[in-house]
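Add 61 to the 1-based position in the sequence shown for the working numbering, that's all there is to it.
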Amino acid sequence: MSENKLEQWNRNEEVNKLIFAAENGMFNIRLKCIEFLFARITEHGVRDLLTSMISDDVEIVSEATMKVLEQSATPELSELIKQTRKEWKIKKKKKRANPYNTNLQFGDTGKERPSDRLMSRLREQQRTNHPPFGF
Numbered sequence: 062m063s064e065n066k067l068e069q070w071n072r073n074e075e076v077n078k079l080i081f082a083a084e085n086g087m088f089n090i091r092l093k094c095i096e097f098l099f100a101r102i103t104e105h106g107v108r109d110l111l112t113s114m115i116s117d118d119v120e121i122v123s124e125a126t127m128k129v130l131e132q133s134a135t136p137e138l139s140e141l142i143k144q145t146r147k148e149w150k151i152k153k154k155k156k157r158a159n160p161y162n163t164n165l166q167f168g169d170t171g172k173e174r175p176s177d178r179l180m181s182r183l184r185e186q187q188r189t190n191h192p193p194f195g196f
């Protein structure tokens, strides 16, 4: 899927293909689909899809969906949007608080930098694979 293909589907009014791309595409494809599907929000399944995209894994996609749906939000939907924004803020705070948690193994404490953990793991592998000289 590409953005050119999405534009062609939008021109030909192939909403089912746009919905498929929004469900299965990469984040840039999903962003473009939000833009195209908002114009067709009255069609079958589009509002439900956009509502489900509020809780997308990628913050950019989630935020774009929330901005689009805020314009015609019901009270329940606006509450969902507020809750999702709070969750994204919490995730950002956790990410800032633990910058070295990206490469943790089981039993790691996360106190040392990932590069230090990698070097110690490489040293250990080297010790086990190569016996000391003199044999």
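Here a beta-carbon is modelled for each residue, glycine too, at the ideal position from N, C-alpha and C.
Every value quoted in this text rests on a predicted model; they were computed, and no experiment measured them.
For GLN127, count neighbouring C-beta atoms within 10 Å of its own C-beta (all shown protein chains included) and say buried if the count is 16 or more, exposed if not.
-> Against the sequence shown, residue 127 aligns to sequence position 66. Correcting the residue identity first, residue 127 is Met in this sequence and not Gln. Buried, since its Cβ has 16 or more Cβ neighbours within 10 Å.
Report the residue from ARG72, GLU74, ASN73 and PHE97 whose alpha carbon sits nearest the alpha carbon of ALA83.
-> As a working mapping, residue 83 is identified with position 22 in the sequence shown. The shortest Cα separation from ALA83 among ARG72, GLU74, ASN73 and PHE97 belongs to PHE97.
Would you mind giving the Cβ-Cβ distance between THR145 and SER116, rounded to the nearest angstrom? I have them listed as a contact below 8 Å.
-> Working through the sequence shown from its first residue, we reach residue 145 at position 84. Working through the sequence shown from its first residue, we reach residue 116 at position 55. Going by Cβ atoms, the distance from THR145 to SER116 rounds to 6 Å, so yes, they are a contact pair.
Cβ separation of LYS93 and GLU64, assumed to be a contact under 8 Å, to the nearest whole Å | Position 32 of the sequence shown, counting from 1, holds the residue named residue 93. Position 3 of the sequence shown, counting from 1, holds the residue named residue 64. LYS93 to GLU64, Cβ: 5 Å. Contact.
Might you give, ordered along the chain, the residues of its own chain that have their beta carbon closer than 6 Å to the beta carbon of VAL119, omitting 5 neighbours on each side?
-> Here residue 119 is taken as the residue at index 58 of the sequence shown, counted from 1. Closer than 6 Å at the Cβ level, and outside the excluded window around VAL119, lie PHE88.
Scan the stretch 73 to 160 and note each continuous alpha helix (DSSP H) run of 4 residues or more that stays entirely inside, going in chain order.
-> 76 to 85, 88 to 99, 107 to 113, 120 to 131 and 136 to 158
Once you ignore the five residues that flank ARG101 on each side, which residues in its own chain have a CB closer than 7 Å to its CB?
-> Counted from its first residue, the sequence shown places residue 101 at position 40. So the qualifying residues of the chain are VAL76 and VAL107.
Tell me which same chain residues have a C-beta within less than 6 Å of the C-beta of ILE90, skipping the five on either side of it?
-> One-based indexing of the sequence shown puts residue 90 at position 29. The residues are MET62 and ALA82.
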